[in-house]
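Here the structure is laid out as C-alpha cells; the discussion comes afterwards.
Chains as they are written, first to last, in our numbering: chain L, 35 to 109; chain S, 35 to 109.
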C-alpha cells in the first residue's frame, strides 16, 4: 500500500476529478466531512450501474450541485 | 414489506428526522438525488461507530450543512 504524504491514512480518495458528471450517471453522492480519520473533505459519487469516483469538493459544478440540493423546496 | 404510499419502492428512507446531529457523531453523509428509483431527494447520515439515520433534506441545519461544505475553501 502507498502511504499518503500527509498521513491521512483513512482517506478514501487518493486523487479526485473536477470533470463534470451528469446526474443521470450517478445514483448517490457521499460526503465525508473533515474528521479524525481524514483531514480533508471528501466527496465520492457512486456511478451506475457500478463504480465510484472521487470528485474535487472545490470544483465549481460540485459546489453548485450541493447548493442546489440545499435549496430544494418541496412542491 | 410495507409498500410506500407514493410507489417509490426503491427509496431508502421510510421516515426522516429533522433533529440536529452533531458532526462529531457522524462520519459521512449520503445524498441520493431524485432519480428513477426514488422520486424524492434522500439524505442518509452514517453515524459512528455504527448506524445510519435518514435526515429531512429540508431541515434548516441540513441545508446549512450542505451550504457550508459547498463553500469550503482550501487553506
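Where a beta carbon is used, it is the ideal one built from N, C-alpha and C, also for glycine. As the structure is a computational prediction, the values presented were derived from the model and not from experiment.
Assuming residue 81/S and residue 89/S make a contact with CB atoms under 8 Å, what is their CB distance in whole Å? Working through the second chain from its first residue, we reach residue 81/S at position 47. Working through the second chain from its first residue, we reach residue 89/S at position 55. Between the beta-carbon of residue 81/S and that of residue 89/S there is about 11 Å, and that puts the pair past the 8 Å contact cut.
Segment contact, 8 Å Cβ cut-off, at least three pairs: the stretch 95-105 of chain L with the stretch 91-107 of chain S: Below 8 Å, enough C-beta pairs join the stretch 95-105 of chain L and the stretch 91-107 of chain S to call them touching: three or more.
Checking contacts by CB at 9 Å: is residue 53/S closer than that to chain L? For the purposes of this step, residue 53/S is identified with residue 19 of the second chain, where counting begins at 1. Answer no: the Cβ-Cβ gap between residue 53/S and chain L never drops below 9 Å.
Other residues of its chain near residue 62/L: CB distance less than 8 Å, five sequence neighbours each side excluded: Within the first chain, residue 62/L is the residue found at index 28, counting from 1. The answer, listed in chain order, is 79 and 80.
Exposed or buried, what is residue 57/S when buried is set at 16 or more other beta-carbons lying within 10 Å of its beta-carbon? Taking the second chain and counting its residues from 1, the one referred to as residue 57/S is at position 23. The residue in question, residue 57/S, is exposed, as its Cβ has fewer than 16 Cβ neighbours within 10 Å.
Thinking C-alpha only, which one of 100/S, 84/S, 83/S and 76/S is nearest residue 50/S? Taking the second chain and counting its residues from 1, one reaches residue 50/S at position 16. Ranking the options by Cα distance to residue 50/S, first place goes to 76/S.
Give a yes or no on whether the C-beta atoms belonging to residue 65/S and residue 65/L are separated by under 9 Å. Residue mapping note: residue 65/S aligns to position 31 of the second chain, counting from 1. Residue mapping note: residue 65/L aligns to position 31 of the first chain, counting from 1. A distance below 9 Å separates the beta carbons of residue 65/S and residue 65/L.
Closer than 7 Å, Cβ to any Cβ of chain S: which residues of the stretch 74-88 of chain L, in chain order? Answer in chain order: 75.
Contact check, residue 84/L vs residue 45/L, beta carbons under 9 Å: In the first chain, counting from the first residue as 1, residue 84/L sits at position 50. In the first chain, counting from the first residue as 1, residue 45/L sits at position 11. Their beta carbons are not under 9 Å apart, which means residue 84/L does not touch residue 45/L by this criterion.
Taking C-beta pairs closer than 8 Å, name the residues in chain S that residue 106/L reaches, listed in chain order. Here residue 106/L refers to the residue found at position 72 when the first chain is read from its first residue. Residues of chain S whose Cβ lies closer than 8 Å to the Cβ of residue 106/L are, in chain order, 75, 91 and 92.
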